[in-house]
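Trainee: From first to last, the protein sequence lines are chains A and B. Using the working numbering, read the first sequence as starting at 83 and increasing by one per residue. Using the working numbering, read the second sequence as starting at 83 and increasing by one per residue. The C-beta atom is built at its ideal place from N, Cα and C for all residues, glycine as well. My structure is below; once you've seen it, I'll send some questions.
Protein chains: 2
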Amino acid sequence: MNLLSQSQIVAFENKMENFIPNHSVDCVILGYEDQQLKVLLLKWKMHGGWCLPGGFIFKDEDMDDAAHRILQERTGLHQLFLNQFYTFGNQKRAEHPTDQDGRLIKESMTQLGFTKPAVLKWFNKRFITTGYFALVDIAKAQPQPDFLSAACEWRPVNALPKLVLDHNEILEKAIVHLRHQLNYVPLGLSLLPKKFTMQDLQKLYEAILGKPMERSNFQRKILKLKVLVRREKLMSGAANKAPYLYSFDENSYHRLIKEGIGF
Amino acid sequence: MNLLSQSQIVAFENKMENFIPNHSVDCVILGYEDQQLKVLLLKWKMHGGWCLPGGFIFKDEDMDDAAHRILQERTGLHQLFLNQFYTFGNQKRAEHPTDQDGRLIKESMTQLGFTKPAVLKWFNKRFITTGYFALVDIAKAQPQPDFLSAACEWRPVNALPKLVLDHNEILEKAIVHLRHQLNYVPLGLSLLPKKFTMQDLQKLYEAILGKPMERSNFQRKILKLKVLVRREKLMSGAANKAPYLYSFDENSYHRLIKEGIGF
């Protein structure tokens, strides 16, 4: 495990003086792989705790810009379609944030070589955090851990370790938000290959909803949206059993995202 | 116009020392009256600008609790179902916040009798603000202006004055959020009388959507939700032309709010 260089430490300590106190940003980056919904996590050096990629807002920076900068600095991912979904404002955002994760993060910062009291005390403050989320194609994303992290990995959302602070709860809220979105926008364009079967699409919806759906019911509902174009059959076995392939009609897809399904 | 008493000034100044800096809460309270969607506004004493009821979060207070406290302190309304909808984090939340509204509010605070530099400078800070909204029955609500305000009034959302800072934008975002909600939850229980005609309900949806809907289309969609119970006819003219009255089946209504419409 690499220790930090003196210049990394000084640069980080100087930077922290220009952040707004008491407010942070956390990013829930969701992907889809092996029929599973996955989330991008960072592992703290020394401390070892897993967390969502997060950070702080510069005094002269828009919060949306901060979210993009933080995600890029911490994971290398950029130009994602980040959407704010909720702001977490409980005074105690975890059981015992100061005694437990707050202290551990402080110890970890000390071990990494940070010395400025303002920096070491920073993590014991109360933070209101705003959650942003994005859906990405795991095959195309190349996340990298930043200098504070030992790892940056995709983990299935239904088999997660205990994350630091209230990060499990933040993730859960992002997924609930995504489920709500299924009621008024189509979904899948950035998560599935260009052509897919009805079953592929159903598996994606089931992974997000966290429960199985009835096949004909799903098919009826999704065809009603008129965003799918039926393509050739997927030829692998007998022609009469081969399922059709579909692709999204991108014009209809984007129009529905703008206008919404339903009322 | 009443000036403030010395004790009001001292109490307020002392209170401000215990707020989190850089974060505020603004409440969008929407009601429905005369077939119009209305919003509850406060008018600053001296300054004269109209604004949403807003305020600050105590260091030891959950943000949700702060929203309820602020709304009660500023308008007298309490026990509402307040829902967070968005957090506004642009560095400049108005064209020239410091030169224009920031300065005006500071002047107004001076005229009201505030003297502490920390209090006068407070409003020139950058604030990230979290928006909360609630739907209320105007007939039952009795809003009252607080000691900082000259008036507290319901105003139709489609005929508003220029509000302070970015409050017009905050209101607009709340309405967009409400429109999205129509796609996955029923609406009207707290806004309509116990019994109403199909036309009453359609007018409410139209006021929120800001556009007319086709009658048979609306009726088909709303009946499909199975939240309405058909009652007797509204007897006022010829029986064959009298419309049916409806009421909400509250069990189905609350179940749909929990489970969502659609997928």
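1) Thr192/A to Ile91/A, Cα distance in whole Å?
2) Give the DSSP-derived three-state secondary structure of Ala233/A in the structure shown.
3) Identify, in the order they occur along the chain, each residue of the same chain with its Cβ nearer than 7 Å to the Cβ of Gly158/A, setting aside the five sequence neighbours on each side.
4) With the cut-off set at 8 Å, would you say Arg337/A and Tyr326/A are in Cβ contact?
5) Only counting runs of 4 or more residues, tell me where the alpha helix (DSSP H) segments fall wholly within the segment 226–298 of chain B, in order along the chain.
6) Tell me the DSSP bridge mates of Gly113/A?
7) From Lys285/B, Leu271/B and Ser190/B, pick the residue whose C-alpha is nearest to that of Met128/B; which is it?
8) So what's Phe101/B in DSSP terms, helix, strand or just coil?
9) Can you name the residues that DSSP bridges to Asp108/A?
10) With H, G and I counted as helix, E and B as strand and the rest as coil, what does DSSP make of Asp144/A?
11) Where do the ends of the beta strand (DSSP E) carrying Leu310/A lie?
12) Would Tyr266/B pass as an interface residue toward chain A - the criterion being a Cβ-Cβ separation below 8 Å?
13) Closest to Leu283/A by CA distance: which of Phe94/A, Gln118/A and Lys203/A is it?
14) Suppose you measure from the CA of Ser318/B to the CA of Lys285/B; what does that come to, to the nearest Å?
15) Can you tell me where the beta strand (DSSP E) holding Leu86/B begins and where it ends?
16) Can you say whether Val121/B is buried or exposed, counting buried as having 16 or more other CB atoms within 10 angstroms of its CB?
17) Given a threshold of 16 other Cβ atoms within 10 Å of its Cβ, counted over all protein chains shown, does Asp108/A qualify as buried or as exposed?
18) Could you name the residues of chain B that Pro103/A contacts, counting a contact when the two beta carbons are closer than 8 Å?
19) Taking DSSP as the reference, what is the three-state secondary structure of Gln154/B?
20) Does the separation of the CB atoms of Tyr168/A and Lys255/A fall below 8 Å?
21) On a CA-only basis, which of Leu230/A, His249/A, Cys234/A and Ala216/A is nearest Arg175/A? Give me that one, please.
22) Just list the residues that DSSP pairs Ser329/A with in beta bridges.
Mentor: Once the coordinates are examined:
1) 11 Å
2) strand
3) Gln224, Pro225 and Gln226
4) no
5) 249–263 and 280–291
6) Lys120/A and Val218/A
7) Ser190/B
8) strand
9) Gly136/A and Gly213/A
10) coil
11) Leu310 to Lys315
12) yes
13) Gln118/A
14) 20 Å
15) Leu86/B -> no beta strand (DSSP E), and no H or E assigned at all.
16) buried
17) buried
18) Pro103 and Asn104
19) helix
20) yes
21) His249/A
22) Val311/A
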